[in-house]
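In what follows, a single structure is set out as C-alpha cells and then discussed.
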Ligand SMILES: Cc1cc2nc3c(=O)[nH]c(=O)nc-3n(C[C@H](O)[C@H](O)[C@H](O)COP(=O)(O)OP(=O)(O)OC[C@H]3O[C@@H](n4cnc5c(N)ncnc54)[C@H](O)[C@@H]3O)c2cc1C
Ligand code: SF4
Ligand code: SF4
Ligand code: FES
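Residue numbers (the numbering used here), protein chains in the order written: chain A, 224 to 475; chain B, 30 to 623.
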C-alpha cells in the first residue's frame, strides 16, 4: 500500500505508437506532491521527458481537457479499472500505478482512443428536442420540480464511455449500443417536446445491437462517474420498447 | 459569390455552436472545426448560471438594470450599444434554451428558478443544478447534431486551426488547419470564418480554464494582422481551489447561495475552523462591503482576499488561503442547488464542504480582452468574425458572473447571420488557388522547421516558466517596473523558442508537437497583455496598479488596440474612444449603501 509520505510516485504506462503499433509498458518515477492525480502525473512526465531508468522519452499522448471530471475526455484503465484520470488521486491508488487505454475502443496512440461510436449512436436515436427554429417562440413548456429532478441527473452524462468499457455485452459480436445511449433515450422521451420522437427512438433500439442485448450485469452503474441510474433507465426504456413492439405486431 | 455561402466556424463551445445553429438556419453550409469533440469544449466547466432579467421574482428587475449592472461592473470600458442589445436579448435566449430542453431548476409553479450572482442585487441567474454550462452546451450540441444528420453542418473534430487564408487584399478566404492524427496540413475555402476559440488560461500556466484554452489561434491571427483589444484585462476569480494541475473553480454560486468568506482573526490560528467561535472570525467582505457583502464583484473580492492574506498576514496557517464556508446552510438545500460543485471539492480535495469550510484562493479565470470586433462581430480583417471569450466586446474591464455564457450565445447568434450577409456580398478571389497554396506552404514550412529543430529548450518547461512569470506579474497587482522586466523576459523567451527541443518527431497524433506550435503564439499574446498593462497607468476593473490607484477617465476611458509590428516583432498600440452613450460613467463603488 502506498503511503502519503512516500517521496516518489511509481507509474507504469502502456504505450503504443500507432493504431497498429506494438503495445509496450514504460515505467516512470516522479517526485511526490500533495494533491497529485493521474493527469498531473502525465504532465509531469512531459516536463521531465524521462523514464524511470533515465532514458529520454516522448510526451505521452492522451485526451484530457477540463481536469474536473465534466468534459468526459480522460477515461482510462487505471490499476485495472476504468475511471476518469483527472479525478484519480495518486494518494488513493496502490503503487506502482498502471495506466492503460480503454480496451474496447480503437487506440489512436498511447492512451488516446477513438470513442466516436457514442456520438454516432446519439445520432441514431435522435437524442435531441426537435425545435421548429431558434426564432422567438416565447417560453418553453412548464415543468414540475419533480420532472427536473428526475431528468437533470441523466443530462449530466459526460459521454466518457466508461459504462460501455465495463459492459460485458458491449463488443463486436453484439453491436450493443451501450447504457449511455439508452439513458439519453429515456431523457428525451421524458421531455414534454422531445417526446414527439419517442417512437423513432424506440425503433432505433430494436434489432441489431438493440436494448435486448443488455443482461443487467450492473457493471455500468458501478463505473459511471456521474452515478447515473443506468439500469433503471434501461429497464424503463426496455419496457417502452416492448410495449411498442407488441403494439406494432398487432398493427401489422 | 456562390449561391450557398460556405462559412467556417472554428470552435464548438457555446459561442461556436450558437453561431453554427444560426448560420445553418440562415441557409449557409457550415464546416465546424474543433480540437476536441465539441461536446468536450471548455464551456462544460461553467457551473453557476446564465444571466437574464426575466424578473420572475417580483423584484422589479429589467433589462435596463442588467445593462446598468454590466457596464458599471465593467468599469465603463465596454461600448454600451452591444451590451444593451445583449441584455435585451437575454430573456429570449433563456426561453430558447428552455425550449431546447435544458433542465433548468424550477420553482414550485414549474417556472424557471433564478439565483443571485455577484455584482447585482437581483435574482437574475438561471441555472441547471451546478452544471449550467454543461447543460447549455449539450442542448446546443444536440441541435447541431441534428443539423449534422441532415448534412447541413460538417464537423471536423480533432482538427486544429493554424491560421487564416488571406488573399492579396488581406481579405479572408478560408483557413489552414492541421489534422491532429495524421498531422496533415490543409487549407479549407470559405466565404467567411467565425472564430469561437475561447479563453487563454494556459498563458498563465495554471488557471480555472480547460487544457485547450491556450489562446493560440488568437495569437496566430494577431500575427496575421487581426487587432487585439483590452488584452490587459484578466479576471482572477476570487475563489478557486489550489491544485497541482489546475486551479479548480469554486463557483460564485457558493456565495450566491449564502456562502461566507472569513479568516481567523488571530494570525496562524491552527484550530479546527469549526471550533473557532464566530466572534473570533473575521468576515472581512461583509465588514468592508455591507451592501453586497460576500457578493461583491470578482475583482473587488480578489483584491480583498489578497489584502487580508498579504497585508494583514491572516491566511489560513500562514498559507495563501481563506475559508469559504457553507456549513451553516441546510445540507439538503446545498445538495439540491450546488451538488455538482461540492462534488468537485470533495473529489479533488477529499473534504466534505457541507461539514468543513473550504480553503480557497484567487485563480486566473477569464479574459475580458480578445480580438477586436465591430458591432457586427467582425474583426479588423474582412471576413473574419469572432464570438465568445476570444473577443473583447461585452465585459469591459471586468466581467460579472454568469454574463459570459449569455455573451457567448448572443455573440454567436449575431456573428452567424452577419457572416452570411457578408458572404453574400463578397466578390470572388481572382487568385484563389494561389492564396490557399501560399498559406499551406507557409504553415508546412513552420512544421518542417520545428520537426528538424535540435535545440535544448523543453517546451513544457518553457511553458511553466511563462505561466509562473505571467501569474506573478500580470494578474492581480501590477507594477510598472515588474511589467517592464516581464516584457524583457518574454522577448528573451521568444528568442529561446527558436532553440526548442522536440523530443517526439513522429508524424502521428503528436500532441507535444501541436503544443509546441501553440506555445509560440502564446508567447506573442503574452506580450500584448503585458505591454497593454504597462501603458495603462490607472486602476480600472480587474487592472490594478497600486501606484495609480484610481480610475482616470480623462486619459484612459479608451479601448486598447494592439497590432503586430513585424519590423520590431512586438506589438504596437492605439487607443479608441468608448461609446458611453447610454449610461454616463460614474464612480464604481460597492462599499457605499446606495
Ligand atoms: C470553471 C469555470 C466556470 C465558469 N462558470 C461560468 C458561469 O457560471 N457563468 C458564465 O457566464 N460564465 C462562466 N465561465 C466562463 C465561460 O465558461 C466561458 O467564458 C465560456 O464557456 C467560453 O465559451 P466559448 O464558446 O467562447 O469557448 P470554449 O467553450 O472554450 O470553446 C472553445 C472551442 O474552441 C476550440 N478551439 C480552441 N482553439 C482551437 C483551434 N486552434 N482550432 C480548432 N478549435 C479550437 C475548442 O476545441 C473549443 O471547442 C466559467 C469559466 C470557467 C473556467
Ligand atoms: S446492465 Fe446492461 S448495459 Fe449495464 S453493464 Fe450490464 S449488460 Fe451492460
Ligand atoms: S452514462 Fe456514465 S459512464 Fe456512461 S458515458 Fe455517461 S457518464 Fe460515462
Ligand atoms: S479531463 Fe475532463 S473529465 Fe477528465
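For every residue, glycine included, the Cβ atom is placed at its ideal position computed from N, Cα and C.
Since we're looking at a predicted model, the values are computed, not measured.
Drop a sphere of 10 angstroms on the beta-carbon of residue 308(A), count the other beta-carbons inside from all chains shown, and report buried for 16 or more, exposed for fewer.
Here the question's residue 308(A) lines up with position 85 in the first chain. That one is buried.
Of all Cβ atoms in chain A, is any one closer than 8 angstroms to the Cβ of residue 435(B)?
As a position in the second chain, residue 435(B) is number 406, starting the count at 1. Answer no: the Cβ-Cβ gap between residue 435(B) and chain A never drops below 8 angstroms.
Is residue 237(B) helix, strand or coil by DSSP?
In the second chain, residue 237(B) corresponds to position 208, counting from 1. Correct three-state label for residue 237(B): coil.
Run through DSSP, which three-state label would residue 469(A) get?
The residue given as residue 469(A) occupies position 246 in the first chain. Residue state, collapsed to three classes: helix.
Going by C-alpha distance, which of 316(A), 420(A), 457(A) is nearest residue 304(A)?
Working through the first chain from its first residue, we reach residue 304(A) at position 81. Of the listed residues, the one whose Cα sits closest to residue 304(A) is 316(A).
Buried or exposed: where does residue 384(B) fall if 16 or more other Cβ atoms within 10 Å of its Cβ makes it buried?
Here residue 384(B) is taken as the residue at index 355 of the second chain, counted from 1. By the neighbour-count rule (16 or more Cβ atoms within 10 Å), residue 384(B) is not buried but exposed.
I'd like to confirm something about residue 316(B): is its beta-carbon nearer than 7 angstroms to some heavy atom of ligand 4, or not?
Looking up residue 316(B) in the second chain gives position 287. Flag unset: Cβ of residue 316(B) not near ligand 4.
Let me know if residue 404(A) comes out buried or exposed under the rule of 16 or more other beta-carbons within 10 Å of its beta-carbon.
Taking the first chain and counting its residues from 1, the one referred to as residue 404(A) is at position 181. Buried.
C-alpha gap between residue 43(B) and residue 107(B), whole angstroms:
By 1-based counting over the second chain, the position of residue 43(B) is 14. By 1-based counting over the second chain, the position of residue 107(B) is 78. Approximately 21 angstroms between the Cα atoms of the pair.
Validate contact between the segment 425-432 of chain B and the segment 444-464 of chain B using beta carbons, cut 8 angstroms, 3 pairs:
The segment 425-432 of chain B, when compared against the segment 444-464 of chain B, does not touch it at the 8 angstroms Cβ threshold.
I want to verify the contact list: residues of chain B whose CB lies under 9 angstroms from the CB of residue 346(A), in sequence order.
Locating residue 346(A) in the first chain gives position 123, where the first residue counts as 1. 174, 175, 177, 178, listed in chain order.
Identify every run of the alpha helix (DSSP H) within the segment 114-160 of chain B, keeping only runs that are complete inside it and at least 4 residues long; order them along the chain.
Here no run is fully enclosed.
Residues near residue 399(B) in its chain [Cβ-Cβ closer than 6 angstroms; skip 5 each side]
To locate residue 399(B), count along the second chain from 1; it is residue 370. Excluding sequence neighbours, residue 399(B) sits near 419, 420, 421.
Listed by chain order, chain A residues near residue 188(B) by CB distance under 8 angstroms:
Position 159 of the second chain, counting from 1, holds the residue named residue 188(B). Annotation: residue 188(B) has no Cβ neighbours in chain A at a cutoff of 8 angstroms; minimum Cβ distance is about 14 angstroms.
Please name the residue, chosen from 407(A), 332(A), 231(A), 460(A), that lies closest to residue 243(A) on a Cα-to-Cα basis.
In the first chain, counting from the first residue as 1, residue 243(A) sits at position 20. Checked all of 407(A), 332(A), 231(A), 460(A); the closest Cα to residue 243(A) is 332(A).
Thinking just about the alpha-carbon of each residue, which of 560(B), 569(B), 555(B) is nearest to the one in residue 229(B)?
In the second chain, the residue the question calls residue 229(B) occupies position 200. It is 555(B) whose Cα lies nearest to the Cα of residue 229(B).
Which bits of chain B does residue 360(A) rub up against, with CB to CB less than 9 angstroms?
On the first chain, position 137 is the one that residue 360(A) refers to. In chain order, 124, 125, 128 make up the part of chain B whose C-beta sits under 9 angstroms from the C-beta of residue 360(A).
Write down the C-beta distance between residue 157(B) and residue 375(A) rounded to the nearest angstrom, noting that I regard them as a contact closer than 8 angstroms.
One-based indexing of the second chain puts residue 157(B) at position 128. One-based indexing of the first chain puts residue 375(A) at position 152. Beta-carbon to beta-carbon, residue 157(B) and residue 375(A) are separated by about 7 angstroms, close enough to satisfy the 8 angstroms threshold.
Taking the alpha-carbon of residue 323(B) as reference, which of 595(B), 493(B), 74(B), 149(B) has the nearest alpha-carbon?
In the second chain, residue 323(B) corresponds to position 294, counting from 1. Looking at the Cα atoms, 149(B) is the closest of the given residues.
Ligand 2 heavy atom lying under 7 angstroms from the CB of residue 402(A)
Stepping through the first chain from its first residue, residue 402(A) is reached at position 179. The answer is yes for residue 402(A).
Buried or exposed for residue 172(B), please, with buried defined as at least 16 other CB atoms from any protein chain shown within 10 angstroms of its CB.
Counted from its first residue, the second chain places residue 172(B) at position 143. The residue in question, residue 172(B), is buried, as its Cβ has 16 or more Cβ neighbours within 10 Å.
Less than 7 angstroms between the CB of residue 401(B) and some heavy atom of ligand 1, yes or no?
To locate residue 401(B), count along the second chain from 1; it is residue 372. No, ligand 1 has no heavy atom inside 7 angstroms of this Cβ.
Which bits of chain B does residue 414(A) rub up against, with CB to CB less than 7 angstroms?
As a position in the first chain, residue 414(A) is number 191, starting the count at 1. By Cβ distance, chain B contributes 130.
Nearest-angstrom Cα distance between residue 339(A) and residue 215(B)?
For this step, residue 339(A) is matched to residue 116 along the first chain. For this step, residue 215(B) is matched to residue 186 along the second chain. Each residue's CA atom was taken as its position, placing residue 339(A) and residue 215(B) some 22 angstroms apart.
Determine the burial state of residue 247(A): buried for a count of at least 16 other Cβ atoms within 10 Å of its Cβ, exposed for fewer.
Position 24 of the first chain, counting from 1, holds the residue named residue 247(A). Its Cβ having fewer than 16 others within 10 Å, residue 247(A) is exposed.
Return the CA-CA distance between residue 180(B) and residue 553(B), expressed in angstroms with no decimal places.
By 1-based counting over the second chain, the position of residue 180(B) is 151. By 1-based counting over the second chain, the position of residue 553(B) is 524. Cα to Cα, residue 180(B) sits roughly 38 angstroms from residue 553(B).
Assigned secondary structure, residue 461(A) (DSSP; H/G/I helix, E/B strand, else coil):
Locating residue 461(A) in the first chain gives position 238, where the first residue counts as 1. If DSSP states are grouped into helix, strand and coil, residue 461(A) belongs with the helices.
Shorter than 7 angstroms, the distance from the beta carbon of residue 71(B) to the closest heavy atom of ligand 1, or not?
Here residue 71(B) corresponds to residue number 42 of the second chain, with the count starting at 1. The nearest non-hydrogen atom of ligand 1 is less than 7 angstroms from the C-beta of residue 71(B).
Can you look up residue 602(B) in the DSSP assignment and give me helix, strand or coil?
Translated into positions along the second chain, residue 602(B) becomes position 573. Residue 602(B) falls in the strand class under three-state DSSP.
Going along the chain, which residues of its own chain have a beta-carbon closer than 6 angstroms to the beta-carbon of residue 299(A), five neighbours each way excluded?
Here residue 299(A) refers to the residue found at position 76 of the first chain. Taken in chain order, the residues that qualify are 308, 322, 334.
At least one CB of chain A closer than 8 angstroms to the CB of residue 623(B): is that the case?
The sequence position of residue 623(B) within the second chain is 594, counting from 1. Because residue 623(B) carries a pLDDT of 36, less than 50, the predicted location of this residue cannot be relied on, and no value is offered for it.
Report whether the distance from the Cβ of residue 387(A) to the nearest heavy atom of ligand 4 is below 7 angstroms.
The residue you call residue 387(A) lines up with position 164 of the first chain. No - ligand 4 has no heavy atom lying nearer than 7 angstroms to the Cβ of residue 387(A).
Between residue 487(B) and chain A, is any beta-carbon pair separated by less than 8 angstroms?
Counting from 1 along the second chain, the entry for residue 487(B) is found at position 458. The beta-carbon of residue 487(B) is placed less than 8 angstroms from the nearest beta-carbon of chain A.
Suppose you measure from the CA of residue 267(B) to the CA of residue 197(B); what does that come to, to the nearest Å?
Taking the second chain and counting its residues from 1, the one referred to as residue 267(B) is at position 238. Taking the second chain and counting its residues from 1, the one referred to as residue 197(B) is at position 168. Here the alpha carbons of residue 197(B) and residue 267(B) stand approximately 47 angstroms from one another.
Quick check: the Cα distance between residue 437(A) and residue 466(A), rounded to an integer number of angstroms?
Sequence index remark: in the first chain, residue 437(A) carries index 214 (1-based). Sequence index remark: in the first chain, residue 466(A) carries index 243 (1-based). Here the alpha carbon of residue 437(A) sits roughly 17 angstroms from the alpha carbon of residue 466(A).
Just mark residue 470(B) as buried or exposed, buried being the case when its beta carbon has 16 or more other beta carbons within 10 Å.
Position 441 of the second chain, counted from the first residue, corresponds to residue 470(B). Flag for residue 470(B) reads exposed.
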